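Have a look at the structure below before the remarks.
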Amino acid sequence: MSGENRVADLQGRLADAGYIAERGLSATLLLFTDLQRPLLLEGDAGVGKTEIARVLAQVFDCPLIRLQCYEGLDVNAAVYEWNYQHQLLAIKLLEQGKINPSDAEQQIFSKKYLLQRPLLQAITQPRPPVLLIDEIDRADEEFEAYLLELLSDFQISVPELGTISAVTRPFVVLTSNGTRELSDALRRRCLYHYVEYPEFDKELRIVNARVPEIGPQLARQVVAFVQELRKLDLRKKPGIAETLDWAAALLRLEVPSLDADPQVLLDSLVCLLKTREDSAGLGQFEVERLVARAV
Amino acid sequence: MNAAAFQGPADPGLAAALQGRLVEFVRLARAHDFHVGVAEEIDAQHVALSCGLTDSQRLRWGLQALLCSDRDEWERFDQLFDAYWRPANMHSGYQARPAAPVDRELTQQGERPGGQGAAAEADATGSAEGADAAEGGTREGASVGEHLATADFQLLADSGQMRAMEHLVERLARKMRRRLIRRQRVHRQGRRIHLRGTLRQCLRFGGMPLQLAFRRRCRRQPRLILIVDVSRSMSLYSTVFLRFARGIVNAFRDAAAFAFHTRLVPVTDSLRQSDLSRMRDSLALISQGWSGGTRIGECLASFNEEYARLLNSRSLVIIVSDGLDTGEPERLARELLRIRGRCRKLIWLNPLLGRSGYEPRSQGMHAALPQLDLFAPAHNLQSLQALEPVLTGL
Numbered sequence: 021m022s023g024e025n026r027v028a029d030l031q032g033r034l035a036d037a038g039y040i041a042e043r044g045l046s047a048t049l050l051l052f053t054d055l056q057r058p059l060l061l062e063g064d065a066g067v068g069k070t071e072i073a074r075v076l077a078q079v080f081d082c083p084l085i086r087l088q089c090y091e092g093l094d095v096n097a098a099v100y101e102w103n104y105q106h107q108l109l110a111i112k113l114l115e116q117g118k119i120n121p122s123d124a125e126q127q128i129f130s131k132k133y134l135l136q137r138p139l140l141q142a143i144t145q146p147r148p149p150v151l152l153i154d155e156i157d158r159a160d161e162e163f164e165a166y167l168l169e170l171l172s173d174f175q176i177s178v179p180e181l182g183t184i185s186a187v188t189r190p191f192v193v194l195t196s197n198g199t200r201e202l203s204d205a206l207r208r209r210c211l212y213h214y215v216e217y218p219e220f221d222k223e224l225r226i227v228n229a230r231v232p233e234i235g236p237q238l239a240r241q242v243v244a245f246v247q248e249l250r251k252l253d254l255r256k257k258p259g260i261a262e263t264l265d266w267a268a269a270l271l272r273l274e275v276p277s278l279d280a281d282p283q284v285l286l287d288s289l290v291c292l293l294k295t296r297e298d299s300a301g302l303g304q305f306e307v308e309r310l311v312a313r314a315v
Numbered sequence: 002m003n004a005a006a007f008q009g010p011a012d013p014g015l016a017a018a019l020q021g022r023l024v025e026f027v028r029l030a031r032a033h034d035f036h037v038g039v040a041e042e043i044d045a046q047h048v049a050l051s052c053g054l055t056d057s058q059r060l061r062w063g064l065q066a067l068l069c070s071d072r073d074e075w076e077r078f079d080q081l082f083d084a085y086w087r088p089a090n091m092h093s094g095y096q097a098r099p100a101a102p103v104d105r106e107l108t109q110q111g112e113r114p115g116g117q118g119a120a121a122e123a124d125a126t127g128s129a130e131g132a133d134a135a136e137g138g139t140r141e142g143a144s145v146g147e148h149l150a151t152a153d154f155q156l157l158a159d160s161g162q163m164r165a166m167e168h169l170v171e172r173l174a175r176k177m178r179r180r181l182i183r184r185q186r187v188h189r190q191g192r193r194i195h196l197r198g199t200l201r202q203c204l205r206f207g208g209m210p211l212q213l214a215f216r217r218r219c220r221r222q223p224r225l226i227l228i229v230d231v232s233r234s235m236s237l238y239s240t241v242f243l244r245f246a247r248g249i250v251n252a253f254r255d256a257a258a259f260a261f262h263t264r265l266v267p268v269t270d271s272l273r274q275s276d277l278s279r280m281r282d283s284l285a286l287i288s289q290g291w292s293g294g295t296r297i298g299e300c301l302a303s304f305n306e307e308y309a310r311l312l313n314s315r316s317l318v319i320i321v322s323d324g325l326d327t328g329e330p331e332r333l334a335r336e337l338l339r340i341r342g343r344c345r346k347l348i349w350l351n352p353l354l355g356r357s358g359y360e361p362r363s364q365g366m367h368a369a370l371p372q373l374d375l376f377a378p379a380h381n382l383q384s385l386q387a388l389e390p391v392l393t394g395l
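Residue numbers (our numbering), protein chains in the order written: chain A, 21 to 315; chain B, 2 to 395.
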């Protein structure tokens, strides 16, 4: 298959899985599978970064392993941990029987007592999984450094067991919201894609795909309204998730068209405006202006 | 990998030439401050193989994914790509940037200190693609960073240099935090028993808790409070320090920033905004309508009245000002003493101190000196860097 066709093919498969990707992103994803380098996705909250990983897992028909990063994330939570209680219990039981001490030790530090956390899990899968490392910017710098090592060698060493090398190479997707500057080393190791807010057409297709009951007319209005809203000076711009929420809410409220009932519309805006400043700043008049433009 | 499926052009000479062009492009990107290295030169070939050299759109996307590593680079990429691969546009992209010619003149006149840096730039220029490339390339990057480090903030003539400096200053602030945390972890001590760790350690004793493991107490970061003078006499420096404050405020969880002139205004929230232009707007709004001389004493008094709750034994107060005060020196001394009594360390950074021949002889500065823990220059990047041990020494 030629390169051109492969991009279109991947785009189609993503669409089948419920993700509308533009060609640029599809081409990047194709490259990502070809080169097997990690992919770093950046972009505002709610533009569908995490969703990409989920859909990729669906398209490749492989498991998705997710590691949610947070401040203070450590090896015990991310890589592996010994199941101490279980080990202790085993020791006590072994004490009863007559068993050679070195055998006992072997038994206690065996894989049976090893709790696999996402990273270890990801490299020991028989088929390459999609490993999603979500919000890497929230983890500490030390963890980032550790991750860097893992991403280059794909092996983890457990002192008691020895080195565990990757059976298969996972597809690693990292996402970042930019709460902290990532190290240049990590950035360099990754392919990079900046996920923008979708254009009108793309967002319309997303809404139609995800909330099909909404009908073409209202869908157009909803997307046009949100697109206009994003142009305003908001503290937190609504993402795609918000658009979908809002569309679902309007459906639930049985709103036939945006200009039907201003009060209901105003109430439903809680789906889109997520800070006090934004909801206070957007008055009735402003909303009516936006509706007029959208309808 | 199905690289085998994509053989390069049949003609080996052409293939080599294309490879050369590709390597050159990666180097050009490096000259334009993309974070790429030799590894990317090789990977670019893989990308080209996988995307096909003839399909320019796919090649663009592929190289964009490979070479970019943040949003800024992402947005600049298209222009660079067009400038390099499309000869017709060669001159449009980079000459359109307003600051570029100014940059070049400066380099030629050797006005900036640090001749070596200039030489390194000239070198980089030589290897890159012609004149257009050179202009963009002189803006930032390691070599330039080095000689910017010793350049006085007020001597930064054009906006490009200013931006580069602001960028560096912000990065410095972030880096400081990284170091702080690491050092704290090394110094940590155990206080409370860590049960899980104890169990783990005592497996060898059959589970008898003979050897205890301790939960490591992570020392808390200092609380940083920056008070920046934005009066007219400081105007050459205040933008840089506000950027520094921005870096600090964003990097440290516990930090506050204030700007003062004739009165004191908290600017922490404005600085925390991720959008740079919006930050500028709100700072401009804050400083509107200010006039008259600097009244440091009064501003510090209002700090003491309204924000003294921010001060505790972990807090480090940094005042950035030239000390040219129109208020009473006694009042300044009194207020400083009050601050000092409630915080761990009081630091005064004076950009004028970096100038040769300057002595803190102004009345205000004279009165302030005895109350300070540290009086240090802050006229260039190096002097800010020198602050780090002070911060870590907490």
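All residues carry an ideal CB built from backbone N, CA and C; glycine is no exception. If you're wondering where the values come from, they're calculated on a predicted model, not measured in any experiment.
Asked, Found
"His262(B), DSSP secondary structure in three states", "coil"
"Selection from Glu91(A), Gln126(A), Leu273(A), Val75(A) that minimises the alpha carbon distance to Gly32(A)", "Val75(A)"
"C-alpha gap between Trp349(B) and Asp374(B), whole angstroms", "8 Å"
"Beta-carbon contacts of Arg332(B) that lie in its chain and below 6 Å, excluding the five residues immediately before and after", "Gly298"
"Distance CB(Val150(A))-CB(Cys82(A)) smaller than 8 Å", "yes"
"C-beta neighbour in chain B for Asp204(A), strict 8 Å", "yes"
"Contacts of Leu29(B) in chain A (Cβ-Cβ under 7 Å)", "Those within 7 Å of Leu29(B) in chain A number zero; the least Cβ separation is about 17 Å."
"Contact with chain B by Val284(A), beta-carbon distance below 8 Å", "no"
"For Ser46(A) and His213(A), the rounded distance between their alpha carbons", "11 Å"
"Identity of the residues DSSP links to Arg214(A) by a beta bridge", "The residue asked about is misnamed: residue 214(A) is Tyr in this sequence, not Arg. Its beta-bridge partners are Glu62(A)."
"Interface positions of the segment 48-78 of chain B facing chain A (Cβ-Cβ less than 7 Å), listed along the chain", "Val48, Ser51, Cys52, Gly53, Asp56, Arg59, Trp62, Gly63, Ala66, Leu67, Cys69, Ser70, Asp71, Arg72, Trp75"
"Min CB distance Tyr214(A) to chain B below 8 Å", "yes"
"Of the listed residues Arg315(B), Asp323(B), Thr263(B), nearest to Cys300(B) (C-alpha basis)", "Thr263(B)"
"Reduced DSSP category for Ala100(B) - H, G, I as helix; E, B as strand; rest coil", "Residue confidence is low: Ala100(B) scores 37 on pLDDT, short of 50, so the model does not pin down where it sits. Its coordinate-derived value is still stated next. The answer is coil: DSSP assigns Ala100(B) none of H, G, I, E or B."
"Sequence-distant residues of its chain with Cβ nearer than 6 Å to Leu225(B) (five each side left out)", "Ile249, Phe253, Ala256, Leu317"
"Of the listed residues Leu140(A), Gln116(A), Gln237(A), nearest to Leu87(A) (C-alpha basis)", "Leu140(A)"
"Residues from the segment 26-47 of chain A in contact with chain B, defined by Cβ distance under 8 Å", "Val27, Arg43, Gly44, Ala47"
"Residue-level contact to chain B via CB, Arg309(A), 8 Å cutoff", "no"
"Alpha-carbon to alpha-carbon, Leu168(A) and Ala261(A)", "31 Å"
"Coil, strand or helix - Tyr100(A) by DSSP", "strand"
"Residue-chain proximity (His36(B), chain A), Cβ-Cβ < 8 Å", "yes"
"Proximal residues of chain A, C-beta to C-beta of Arg247(B) below 8 Å", "Near Arg247(B) there are no residues of chain A at all, since even the closest Cβ is about 12 Å away, more than 8 Å."
"Residues sharing a beta bridge with Lys346(B), DSSP", "Leu317(B)"
"Unbroken beta strand (DSSP E) run spanning Gln88(A), endpoints", "84-88"
"Under 8 Å from the C-beta of Leu51(A): neighbouring residues of chain B", "Val48, Ser51, Cys52, Trp62, Gly63, Ala66, Leu67"
"Residue(s) in a DSSP beta bridge with Ala73(A)", "Ala73(A) is not bridged to any residue."
"Closer than 8 Å at the beta carbon, the chain A residues around Leu200(B)", "Tyr104, Gln105, Leu108"
"Minimum Cβ-Cβ distance from Leu55(A) to chain B less than 8 Å", "yes"
"For Ala368(B), the three-state DSSP class (helix, strand or coil)", "helix"
"Check whether Cys69(B) and Trp75(B) have beta carbons under 8 Å apart", "yes"
"is_contact[Pro179(A), chain B] using C-beta, thresh 8 Å", "no"
"Pairwise C-alpha distance: Leu49(A) and Pro13(B)", "30 Å"
"Supposed contact pair Ile234(A) and Val227(A) - C-beta distance, whole angstroms, cut 8 Å", "7 Å"
"Straight-line gap, Gly303(A) to Ala65(A) (C-alpha atoms, nearest Å)", "24 Å"
"Chain B contact for Glu155(A) (CB, 8 Å cutoff)", "no"
"For Arg208(A), the first and last residue of its enclosing alpha helix (DSSP H)", "204-209"
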